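First the structure, in the form of structure tokens, and then the observations on it.
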Amino acid sequence: MTPDPIAEVVAAREEARRRKDAHVDVCFLATVGAQGRPEARPVSLRDIDAGGFGMLLNARSPKWRQIERSGQCSLTILWSSVERQYRVYGALRPMHPDRLRFWWARKVLGSRLLEHYYEAYTSQSEPLASRAAFLDGIAELGRRYPDATSVPAPEGLRGVCLWPTEIDVWHASPADRLHDRRRFTRRGEDWTIETLVP
Ligand SMILES: Cc1cc2nc3c(=O)[nH]c(=O)nc-3n(C[C@H](O)[C@H](O)[C@H](O)COP(=O)(O)O)c2cc1C
3 MTPDPIAEVV
13 AAREEARRRK
23 DAHVDVCFLA
33 TVGAQGRPEA
43 RPVSLRDIDA
53 GGFGMLLNAR
63 SPKWRQIERS
73 GQCSLTILWS
83 SVERQYRVYG
93 ALRPMHPDRL
103 RFWWARKVLG
113 SRLLEHYYEA
123 YTSQSEPLAS
133 RAAFLDGIAE
143 LGRRYPDATS
153 VPAPEGLRGV
163 CLWPTEIDVW
173 HASPADRLHD
183 RRRFTRRGED
193 WTIETLVP
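Going by our numbering, the residue at position 89 of the sequence shown is 91; the numbering climbs one at a time, nothing skipped.
Rendered as structure tokens:
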């Protein structure tokens, strides 16, 4: 029976939260863009459990199109308060609908209106005529949905979990800089561990 790397990540996150790590709920999602260009951006990290590493993305975004086209993405997590980095590889799976509802319920009004903006006006990361034009659109949506609870989850919202098949763990050793590196690879129900050159 090998140690479960997901349990290790969950424990490290609890400790990072206790230490008020600014990035405890953030990960970096990497995708493959046009002509193989690597693209990475921070996204909010939701649940971490046996189902994987949860995120909310919009289907009307470059990152989503890149994932659909290439079938590939990976995550990097850096929690400096606990001196740990994780690189996570695997397959994207849908988030459980209950958890998607849970996370949608936690979004503030502006964040919910923005998700609707992608559908009602212009997709995420597309150019705009001006910031004022954008705010006009948000104001219009605000008149339609005056408070957060009245805003339904839009069709394009995707709750997904990166179900890991490989987790590369980097644990800093600041005193001598000879950091500890382990690679966990899923083998059926279990994981194999290799020690890597840091
Ligand atoms: C701390 C932080 C958290 C973010 N969380 C999310 C998120 O949960 N989902 C998301 O789609 N974008 C999130 N973003 C915005 C993305 O980094 C990115 O700018 C946006 O999704 C457009 O990416 P794309 O053009 O590659 O699709 C976040 C940005 C920051 C700085």
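We put the beta carbon where it would ideally sit given N, CA and C, even for glycine.
Only a predicted model underlies this, so the values are computations on that prediction, with no experimental measurement involved.
Residue i in three-state terms, based on DSSP
{"i": "arginine 89", "result": "strand"}
{"i": "leucine 94", "result": "strand"}
{"i": "leucine 110", "result": "It should be pointed out that residue 110 corresponds to valine in this sequence rather than to leucine. Valine 110 falls in the coil class under three-state DSSP."}
{"i": "threonine 167", "result": "strand"}
{"i": "serine 152", "result": "helix"}
{"i": "glutamate 41", "result": "strand"}
{"i": "aspartate 192", "result": "strand"}
Extent of the continuous alpha helix (DSSP H) to which residue i belongs
{"i": "proline 7", "result": "7-20"}
{"i": "proline 129", "result": "Note, proline 129: premise wrong, no alpha helix (DSSP H); not H, not E."}
{"i": "proline 200", "result": "No alpha helix (DSSP H) contains proline 200, which DSSP labels as neither H nor E."}
{"i": "glutamate 70", "result": "64-72"}
Beta-carbon gap between residue i and residue j smaller than 8 Å
{"i": "leucine 198", "j": "alanine 150", "result": "no"}
{"i": "leucine 115", "j": "leucine 143", "result": "yes"}
{"i": "arginine 188", "j": "valine 171", "result": "no"}
{"i": "glutamate 10", "j": "valine 84", "result": "no"}
{"i": "glycine 92", "j": "glutamine 68", "result": "no"}
{"i": "isoleucine 169", "j": "proline 7", "result": "yes"}
{"i": "serine 82", "j": "threonine 33", "result": "no"}
Close Cβ partners of residue i (< 6 Å) along its chain, the five nearest in sequence each way excluded
{"i": "proline 156", "result": "Glu117, His118, Glu121"}
{"i": "tyrosine 147", "result": "Val153"}
Cutoff 7 Å; reference residue i; Cβ partners in own chain excluding five residues on either side
{"i": "glutamine 126", "result": "Asn60, Arg62, Ser63, Tyr120"}
{"i": "lysine 22", "result": "none"}
Neighbour flag for residue i against chain C, beta carbons, 8 Å
{"i": "valine 84", "result": "The displayed structure is made up of one protein chain only, and chain C is not part of it."}
First through last residue of the beta strand (DSSP E) which encompasses residue i
{"i": "serine 76", "result": "76-81"}
{"i": "leucine 58", "result": "54-60"}
Cβ-based neighbour list, residue i, same chain, cut-off 8 Å, excluding 5 preceding and 5 following
{"i": "glycine 53", "result": "Arg95, Met97, His98, Cys163, Trp165"}
Nearest-angstrom Cα separation, counted from residue j out to residue i
{"i": "phenylalanine 55", "j": "proline 5", "result": "18 Å"}
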